[in-house]
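Colleague: In UniProt numbering, the protein residues as written are 1 to 247.
Written out as structure tokens, the structure is:
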């Protein structure tokens, strides 16, 4: 088989998985630019810490949740194909079954060895899968700190009057010599606390989605384990019956 044919067969998997990660990374760059323009540094120190934590962790957690859910669907086909391959390997020809009837102990040892190997390989596979889902979150953290505005907002003492060449500075509400009307004060307060409530809702929804997805995967894995156990239990009486016939 030539190289073009091999690349043609591998292209669907590359486009589905790695292409999705590339799309997420590009979307993060666009989202970082939007967040930078939308960000407003509050005057209160407590709110500065709250905004810093929210802008750092909640977009990263939402990205992790979305990536995890979509990557699970993309990898579901691979997991199903791997399980079918294992099941096909377990199917024996009539001649092999007759040979295994004469040595049921060896058959049991082979099945236990295969089960141990599959269990040992499942852990590293899940770790690689989770690390791949964390790539967009790591990129978001890098973009967050590379912007500089969020760290500057956290470390700046916004207590004294100052001059800013920017006609619309991000913390113009903190200017001590500026008299705000009641409507402006209400707008300022609404703007800050609406962001807090919005980030809280997004974080809560992401947690619900992540818990639901993990429960679905755990339930499917448990059902698959029960099926394999039932198949092995059905094979034990057959081997015992064959042993009785031989005796």
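The beta-carbon is built from N, C-alpha and C at its ideal position, and this holds for glycine as well. The model shown is predicted, which means the values in this text are computed figures rather than measured ones.
Residue 64 CB to nearest chain C CB: under 9 Å?
Modeller: No chain C is present in this structure, which holds just one protein chain.
Colleague: Would you report the Cα separation of residue 137 and residue 41, rounded to the nearest angstrom?
Modeller: For the purposes of this step, residue 137 is identified with residue 137 of the chain shown, where counting begins at 1. For the purposes of this step, residue 41 is identified with residue 41 of the chain shown, where counting begins at 1. In a straight line, the C-alpha of residue 137 is about 23 Å away from that of residue 41.
Colleague: Does the structure place the segment 42–50 close enough to the segment 26–34 that three or more beta carbon pairs sit under 8 Å?
Modeller: In short, these stretches do not touch, since the Cβ pair count stays below three.
Colleague: Assign residue 72 to one of three DSSP states: helix, strand, or coil.
Modeller: Start at 1 with the first residue of the chain shown, and residue 72 comes out as number 72. Helix.
Colleague: Could you check the C-alpha separation between residue 64 and residue 126 for me, to the nearest Å?
Modeller: What you label residue 64 is simply residue 64 of the chain shown in a count that begins at 1. What you label residue 126 is simply residue 126 of the chain shown in a count that begins at 1. Distance between the alpha carbons of residue 64 and residue 126: 15 Å.
Colleague: Once you ignore the five residues that flank residue 192 on each side, which residues in its own chain have a CB closer than 7 Å to its CB?
Modeller: Taking the chain shown and counting its residues from 1, the one referred to as residue 192 is at position 192. Cβ neighbours of residue 192 beyond the five flanking positions: 42 and 47.
Colleague: Does the beta-carbon of residue 214 have 16 or more other beta-carbons within 10 angstroms, so that it is buried, or is it exposed?
Modeller: Here residue 214 refers to the residue found at position 214 of the chain shown. Exposed, by the Cβ-count rule.
Colleague: In the DSSP assignment, the alpha helix (DSSP H) including residue 137 goes from what residue to what residue?
Modeller: Taking the chain shown and counting its residues from 1, the one referred to as residue 137 is at position 137. Run containing residue 137: 135–147, per the alpha helix (DSSP H) assignment.
Colleague: With a threshold of 7 Å on Cβ separation, who are the neighbours of residue 139 within its own chain once the five nearest residues in sequence on each side are excluded?
Modeller: As a working mapping, residue 139 is identified with position 139 in the chain shown. Same-chain partners within the cutoff: 25 and 28.
Colleague: Distance, Cα to Cα, residue 56 vs residue 144?
Modeller: If you number the chain shown from 1, residue 56 lands on position 56. If you number the chain shown from 1, residue 144 lands on position 144. Roughly 7 Å separates the two Cα atoms.
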